[in-house]
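Just so you know, the protein sequences line up as chains A and B, in that order. For the first sequence, the positions run 4 to 118 when this note's numbering is used. For the second sequence, the positions run 1145 to 1259 when this note's numbering is used. First comes the structure, then the notes that go with it.
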Amino acid sequence: AQKVTQAQTEISVVEKEDVTLDCVYETRDTTYYLFWYKQPPSGELVFLIRRNSFDEQNEISGRYSWNFQKSTSSFNFTITASQVVDSAVYFCALSEAPDFNKFYFGSGTKLNVKP
Amino acid sequence: DGGITQSPKYLFRKEGQNVTLSCEQNLNHDAMYWYRQDPGQGLRLIYYSQIVNDFQKGDIAEGYSVSREKKESFPLTVTSAQKNPTAFYLCASMIMGLAGGNEQFFGPGTRLTVL
């Protein structure tokens, strides 16, 4: 079974629209970490955020915000007022006990932001 | 500048030939990883290494081999036994942590095409 599910394969929006990328995870551990990465067309993954399982506070960084809900095992990512430069593939990832050094990645969501 | 370098960026190989992809990091990270990315399939772990002279198979290790003779280097050999090697290969590294929470850093990737 997939440990991280990103059900949205591809999303297209027009610039300035808000968009939410979904991430659902599965784990039996009480201690785990969730991550979001951005992969622009150049190919290199860029780290965006990490969250540990004990911190359910939502986080906001500029136009980016993350909603972590343990009750629904979700860690969704919202981009407000999207821009063309946000076009990329976004990956959600999980690391869990006992081997926190091994990551499980979702299949990614490709975001197209049109001018 | 600290970072991860992968070479070459593009690689072409004839069917039946082995080929080695280079990955070097100067971040002094303990752990290194190789992932394969196919369109729409996200990242799949091939091999990872947490210490010099030791490595573990990931989810799709068949047809691949690695070595970790130096902390900075983690080359990946795609052998002729790999039935469908055409893909984008990403190398990553990370500071090891028993408590978890560290992010992986990624190289720019190598696109391998088998002719």
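Yeah, the Cβ is synthetic: ideal placement off N, Cα and C, and Gly gets one too. Please read these numbers as outputs of a predicted model, since none were measured by experiment.
Exposed or buried, which one is residue i when buried takes at least 16 other CB atoms within 10 Å?
i: residue 17(A); result: exposed
i: residue 1186(B); result: buried
i: residue 1212(B); result: buried
i: residue 54(A); result: buried
i: residue 80(A); result: buried
i: residue 57(A); result: exposed
For the beta strand (DSSP E) containing residue i, name the first residue and the last one.
i: residue 1198(B); result: 1198-1201
i: residue 1168(B); result: 1163-1169
i: residue 70(A); result: 67-72
i: residue 1257(B); result: 1254-1258
i: residue 117(A); result: 112-117
Is residue i near residue j, with beta carbons less than 9 Å apart?
i: residue 1165(B); j: residue 1147(B); result: no
i: residue 1234(B); j: residue 1180(B); result: yes
i: residue 85(A); j: residue 41(A); result: no
Check whether the Cβ of residue i sits closer than 8 Å to any heavy atom of the ligand PLP, and report yes or no.
i: residue 115(A); result: As presented, the structure is devoid of all ligands, the ligand PLP included, so that no description of it is given.
Q) Are the segment 13-33 of chain A and the segment 1230-1242 of chain B touching by the rule of at least three beta carbon pairs closer than 8 Å? A) Touching, no, given that fewer than three Cβ pairs across the two stretches are closer than 8 Å.
**Q.** Cβ contact (3+ pairs, closer than 8 Å) linking the segment 1146-1163 of chain B and the segment 1195-1208 of chain B
**A.** They do not touch, by the three-pair rule.
Q: Take every Cβ of the segment 97-109 of chain A, pair it with every Cβ of the segment 1223-1230 of chain B, and state whether three or more of those distances are shorter than 8 Å.
A: With a cut-off of 8 Å, the segment 1223-1230 of chain B and the segment 97-109 of chain A do not count as touching, because too few Cβ pairs lie within range.
Q) So, do the segment 8-16 of chain A and the segment 1194-1203 of chain B have three or more beta carbon pairs nearer to each other than 8 Å? A) Per the Cβ contact rule, the segment 8-16 of chain A is not in contact with the segment 1194-1203 of chain B (fewer than 3 Cβ pairs under 8 Å).
Q | Residues within the segment 1148-1169 of chain B neighbouring chain A, beta-carbon criterion of under 8 Å | A | Within the segment 1148-1169 of chain B, no residue qualifies.
Q. Given a limit of 9 Å on CB to CB distance, which residues of the segment 1228-1251 of chain B reach chain A?
A. Here the close residues are 1232, 1234, 1236, 1238, 1240, 1241, 1242, 1243, 1244, 1245, 1246, 1247, 1248, 1249, 1250, 1251.
Q) When Cβ atoms are compared, which residues of the segment 1183-1212 of chain B fall closer than 9 Å to chain A? A) Look at the segment 1183-1212 of chain B: the residues with a C-beta under 9 Å from a C-beta of chain A are 1184, 1185, 1186, 1187, 1188, 1189, 1192, 1194, 1200, 1202.
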